[in-house]
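My numbering applies: residue 46 is where the sequence shown begins, and numbers increase by one.
These notes concern the structure reproduced below.
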Amino acid sequence: MRKDPAEVAAALLPLVGGPANVTSVAHCMTRLRLSLADPSRVEAERLRALPGVLGV
């Protein structure tokens, strides 16, 4: 069962440092790529624990 994209975004955003830390977003069929102002703010282990996240 797929999660609602809005729910996934709401879960991801705080774990990448919040909206102010995201400088750009790109996607393709299998990837979501975020450019971040400060990558040290990413909570990588918590991101990996999200359903559907296969890599960070």
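The C-beta atom is built at its ideal place from N, Cα and C for all residues, glycine as well.
Listed as beta-bridge partners of leucine 81 by DSSP are Val67. The Cβ-Cβ distance between valine 61 and leucine 92 falls below 9 Å.
A straight line joining the alpha-carbon of valine 101 with that of alanine 89 spans about 7 Å. Taking each of Gly63, Arg76, Ser80 in turn and checking the Cα distance to valine 70, the smallest one comes out for Ser80. Per DSSP, valine 53 is one residue of the alpha helix (DSSP H) stretching across 50-60.
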